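Undergrad:
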Amino acid sequence: MSDWIDVAAVDDFAPNTCHVVTTDETSILVFNLDGRYYAIENRCTHESAELVDGALEGDEIVCPLHGARFSIVTGAVLAPPAYENLNTFPIRVSNGWVEVDAEAEWDIA
Ligand code: FES
466 MSDWIDVAAV
476 DDFAPNTCHV
486 VTTDETSILV
496 FNLDGRYYAI
506 ENRCTHESAE
516 LVDGALEGDE
526 IVCPLHGARF
536 SIVTGAVLAP
546 PAYENLNTFP
556 IRVSNGWVEV
566 DAEAEWDIA
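Residue numbers for the sequence shown follow this note's numbering, beginning at 466 and rising by one.
1) Using only alpha-carbon positions, find the residue among V563, V517 and C528 that is nearest to P546.
2) With C-beta atoms as the reference, is V485 less than 8 Å away from V517?
3) Sorry if obvious, but does the Cβ on G540 come closer than 7 Å to a heavy atom of the ligand FES?
4) Note down, one range per segment and in chain order, each beta strand (DSSP E) of at least 3 residues found wholly within the segment 499-545.
5) Quick one: give me the first and last residue of the beta strand (DSSP E) that S467 is part of.
6) Please state the DSSP three-state secondary structure of D566.
7) With V475 and V558 assumed to form a contact (beta carbons below 8 Å), what rounded beta-carbon distance in angstroms separates them?
8) What number of angstroms, rounded off, separates the C-alpha of N550 from the C-alpha of L494?
9) G532: beta carbon under 7 Å from a heavy atom of the ligand FES?
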């Protein structure tokens, strides 16, 4: 079942920025990378730090706590001390809004 949630208007979502969407069950980090949108879980798989506070480096996010690195595109872990991938979420653009499906999780593990 889908649960599409508005993230931001396309016109208000600047390239190479992110927005956080919080539901009862999860916190999702949504990125605009040069006009392509991606959504990953906002929780490091090492010790649960919020990735929104991490450094954006190209299409990768670096955890602010111990430096694990993840692909924003696939959720794949790229550098320790984390060893588990992040969940990713479907994204769409509808009526000028970027939306994320918070119910669906894609686990690439
Ligand atoms: S909590 Fe993210 S690397 Fe440790």
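Quick reminder that beta carbons are idealized off the backbone N, C-alpha and C, glycines included.
The model shown is predicted, which means the values in this text are computed figures rather than measured ones.
TA: Straight from the coordinates:
1) Along the sequence shown, read from residue 1 onward, the residue named residue 546 stands at position 81. Per the Cα distances, C528.
2) Within the sequence shown, the letter at position 20 stands for residue 485. Within the sequence shown, the letter at position 52 stands for residue 517. It is a contact, given that the beta carbons lie within the stated cut-off.
3) As a position in the sequence shown, residue 540 is number 75, starting the count at 1. Result no, Cβ not under 7 Å from the ligand FES.
4) 501-506, 520-522, 525-527, 534-536 and 542-544
5) Along the sequence shown, one-based indexing puts residue 467 at 2. Where S467 is concerned, there is no enclosing beta strand (DSSP E), given that its DSSP letter is neither H nor E.
6) For the purposes of this step, residue 566 is taken as residue 101 along the sequence shown, with counting starting at 1. Residue state, collapsed to three classes: strand.
7) The sequence position of residue 475 within the sequence shown is 10, counting from 1. The sequence position of residue 558 within the sequence shown is 93, counting from 1. Right, the Cβ-Cβ distance comes to about 6 Å (below 8 Å), so this counts as a contact.
8) Reading the sequence shown from its first residue, position 85 is the one you call residue 550. Reading the sequence shown from its first residue, position 29 is the one you call residue 494. If I take the Cα positions, the gap works out to 15 Å.
9) Position 67 of the sequence shown, counting from 1, holds the residue named residue 532. For the ligand FES, at least one heavy atom lies less than 7 Å from the Cβ of G532.
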